[in-house]
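So the structure is just underneath, and the comments pick up after that.
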Amino acid sequence: MPLVKDSQTELLLKRLEQIRAYVGNTPLIQIKGLVENPAVSVWAKLEWNQLGSSVKTRPAFQIIKNAIETGSLGNGKHLLDASSGNTGVAYGAIGAALGIPITLCLPENASEQKKASLAYFGVNIVYTSRFESTDGAQDKAMELYLEYPEKYFYADQYGNAQNWKAHYMTTAPEIYQQTGGALTHFVAALGTTGTFTGTSRRLKELNPEIQVVALHPDSALHGLEGWKHLETAKVPAFYDASLADQNLRISTEEAYRMMKQAAKTSGLLLSPSSAGALAGAVKVANSISRGMVVTIFPDHGSNYPDVLKALIKEN
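11 is the number of the first residue of the sequence shown in this note's numbering; add one for each residue after it.
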């Protein structure tokens, strides 16, 4: 679809360019003290170091940019989507800066911190059943869109190709440049699957020898917010299972143990999803004799005060 070049679109795109400086370009740090073999290193991208404070800022920005360019968003339309929290916060931050209203379908058991952040950015929240996870939120979003198509642009982060393309265009090149092309393994969890799909696809083009590892929750009843148990949930439309050289299962208990371990060894306050990613990266690192393993920390532990309180009580 050709770009729409009216005055409102030009103004929104100009504002987007101002925001772009706060999207991506996150630091890559080495995680020490978790792998004994000195020939193997583990590194992580701190995705909370950007607008919206999570990895979801990248796809949210790209989805909004594409929608404005193609005329799908603007003229008072609400951006509508389903989220477990992080993408919604990113939409909220960008929408607030652009003056675009955001309506979000959110499972009622999302963290209180996420709910507070969404309210702070003025997001209109439609709560859905905690028992249906993001699948139920997607159903509700589609229902709203079909009922009021003139009011909403349905972003559909689980089916919108701009999701994985954001990581293809930004996350992968950043990792490759930051490691000098020396990484041997890329490890990421599956949620919308955009991070894994886009980053893996581009890294494989840059160096086919790079091994990419997909992390899955070990059961449908897991506590890793943002992760999807694909066997029992709706599989995102753009997920390509053939990309993964290896698939690993990570339990919620493993992630919680890693939260404690990372705090003690590296002073890192990790979210359950970031700790799960680190647990997977360490598993991969311990299975090889030499190499550089890179993973993604989606968000920060401060977003999950209830989990932190529970872990403190266990000590």
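Glycine is no exception: its CB is placed at the ideal position from the N, C-alpha and C atoms. All values reported here derive from a predicted model rather than from experimental measurement.
Going straight from the alpha carbon of residue i to that of residue j, what length do you get?
{"i": "Gly236", "j": "Asn96", "result": "8 angstroms"}
{"i": "Asp145", "j": "Ile135", "result": "16 angstroms"}
{"i": "Gly311", "j": "Gln172", "result": "27 angstroms"}
{"i": "Glu264", "j": "Ser276", "result": "17 angstroms"}
{"i": "Pro159", "j": "Lys55", "result": "38 angstroms"}
{"i": "Gln148", "j": "Arg300", "result": "42 angstroms"}
{"i": "Leu116", "j": "Asn296", "result": "37 angstroms"}
{"i": "Lys87", "j": "Tyr266", "result": "41 angstroms"}
{"i": "Tyr155", "j": "Gly169", "result": "15 angstroms"}
{"i": "Val317", "j": "Leu108", "result": "33 angstroms"}
{"i": "Ala230", "j": "Asp16", "result": "47 angstroms"}
{"i": "Gly286", "j": "Ala198", "result": "9 angstroms"}
{"i": "Glu142", "j": "Ala151", "result": "13 angstroms"}
{"i": "Asp255", "j": "Glu20", "result": "43 angstroms"}
{"i": "Ile306", "j": "Thr138", "result": "28 angstroms"}
{"i": "Pro246", "j": "Pro37", "result": "28 angstroms"}
{"i": "Glu153", "j": "Tyr186", "result": "41 angstroms"}
{"i": "Lys244", "j": "Ala320", "result": "30 angstroms"}
{"i": "Gly81", "j": "Leu23", "result": "11 angstroms"}
{"i": "Glu324", "j": "Glu219", "result": "42 angstroms"}
{"i": "Leu234", "j": "Thr203", "result": "14 angstroms"}
{"i": "Thr194", "j": "Asn85", "result": "47 angstroms"}
{"i": "Ala192", "j": "Arg212", "result": "15 angstroms"}
{"i": "Gln28", "j": "Ala100", "result": "16 angstroms"}
{"i": "Thr67", "j": "Lys214", "result": "23 angstroms"}
{"i": "Met69", "j": "Thr181", "result": "Per the sequence shown, the amino acid found at residue 69 is Pro instead of Met. One C-alpha to the other measures close to 10 angstroms."}
{"i": "Thr242", "j": "Phe248", "result": "17 angstroms"}
{"i": "Met11", "j": "Arg25", "result": "Bear in mind that a pLDDT of 47 at Met11, under 50, signals an unreliable position, so the model cannot answer this."}
Along the chain, where does the beta strand (DSSP E) containing residue i start, and where does it finish?
{"i": "Met179", "result": "Here Met179 belongs to no beta strand (DSSP E), and DSSP marks it neither H nor E."}
{"i": "Lys55", "result": "50-56"}
{"i": "Val136", "result": "134-138"}
{"i": "Val367", "result": "Nothing can be reported for residue 367, as the shown portion of the chain is limited to 11 through 325."}
{"i": "Val222", "result": "221-227"}
{"i": "Ala92", "result": "88-92"}
{"i": "Tyr164", "result": "162-164"}
{"i": "Gln167", "result": "Gln167 -> no beta strand (DSSP E), and no H or E assigned at all."}
{"i": "Leu279", "result": "Counting along the chain, Leu279 falls outside any beta strand (DSSP E), and DSSP gives it neither H nor E."}
{"i": "Leu336", "result": "With the chain represented from 11 up to 325, any question about residue 336 goes unanswered, as that position is not in the structure."}
{"i": "Leu234", "result": "First-last for Leu234: undefined, no H or E at that position."}
{"i": "Leu240", "result": "Here Leu240 belongs to no beta strand (DSSP E), and DSSP marks it neither H nor E."}
{"i": "Leu38", "result": "38-41"}
At what residues does the alpha helix (DSSP H) containing residue i begin and finish?
{"i": "Asn76", "result": "67-79"}
{"i": "Thr209", "result": "204-216"}
{"i": "Gly301", "result": "Element bounds for Gly301: not the alpha helix (DSSP H) but the beta strand (DSSP E), 301-307."}
{"i": "Ile260", "result": "Note, Ile260: premise wrong, no alpha helix (DSSP H); beta strand (DSSP E) at 256-260."}
{"i": "Asp149", "result": "143-157"}
{"i": "Val317", "result": "315-324"}
{"i": "Leu23", "result": "17-30"}
{"i": "Pro282", "result": "282-296"}
Could you work out which residue in the options is closest to residue i when comparing CA atoms only?
{"i": "Ala49", "options": "Gly84, Ile298, Leu279, Ala287", "result": "Ile298"}
{"i": "Gly102", "options": "Asn119, Asn85, Glu118, Lys124", "result": "Lys124"}
{"i": "Ala273", "options": "Leu225, Ile322, Ala100", "result": "Ile322"}
{"i": "Ser51", "options": "Ala192, Met302, Gly169, Val65", "result": "Met302"}
{"i": "Phe131", "options": "Ser143, Gly105, Asn85", "result": "Gly105"}
{"i": "Leu279", "options": "Thr202, Pro308, Ser252, Trp174", "result": "Pro308"}
{"i": "His239", "options": "Gly201, Ala107, Lys24, Leu23", "result": "Gly201"}
{"i": "Met179", "options": "Leu216, Asn119, Leu116", "result": "Leu216"}
{"i": "Ser252", "options": "Gly286, Thr207, Leu213, Ala243", "result": "Thr207"}
{"i": "Gln188", "options": "Asp16, Val304, Leu26", "result": "Val304"}
{"i": "Arg140", "options": "Glu157, Arg25, Glu118", "result": "Glu118"}
{"i": "Leu83", "options": "Lys214, Ala199, Gln18, Glu153", "result": "Gln18"}
{"i": "Lys175", "options": "Val197, Ser210, Ala151", "result": "Ser210"}
{"i": "Ser284", "options": "His177, Ser127, Asn85, Trp53", "result": "Trp53"}
{"i": "Lys32", "options": "Lys214, Ile39, Gln72", "result": "Sequence check: residue 32 is Tyr here, not Lys. Closest option to Tyr32, Cα to Cα, is Gln72."}
{"i": "Gly34", "options": "Leu26, Glu57, Gln28", "result": "Glu57"}
{"i": "Ala281", "options": "Tyr249, Pro315, Phe248, Asp250", "result": "Correcting the residue identity first, residue 281 is Ser in this sequence and not Ala. Checked all of Tyr249, Pro315, Phe248, Asp250; the closest Cα to Ser281 is Pro315."}
{"i": "Asn313", "options": "Leu26, Leu128, Glu27", "result": "Leu128"}
{"i": "Leu288", "options": "Glu27, Gln40, Arg30, Ala120", "result": "Gln40"}
{"i": "Asp250", "options": "His232, Thr205, Thr242", "result": "Thr205"}
{"i": "Val133", "options": "Gly98, Pro183, Gly190", "result": "Gly98"}
{"i": "Gln221", "options": "Glu241, His232, Phe196", "result": "Phe196"}
Touching or not, the segment 82-96 and the segment 161-178, by the rule of three or more beta carbon pairs under 8 angstroms? yes
With three or more beta-carbon pairs closer than 8 angstroms as the criterion, would you say the segment 111-129 touches the segment 69-77? no
Looking at C-beta atoms only, is the number of pairs between the segment 263-278 and the segment 36-46 that lie closer than 8 angstroms three or more? yes
The segment 248-264 in contact with the segment 218-231 per 3-pair CB rule at 8 angstroms: yes
On the three-pair Cβ rule with 8 angstroms, is the segment 288-298 touching the segment 56-72? no
Those runs of the beta strand (DSSP E) which lie wholly inside the segment 103-132 and span at least 3 residues: 112-117
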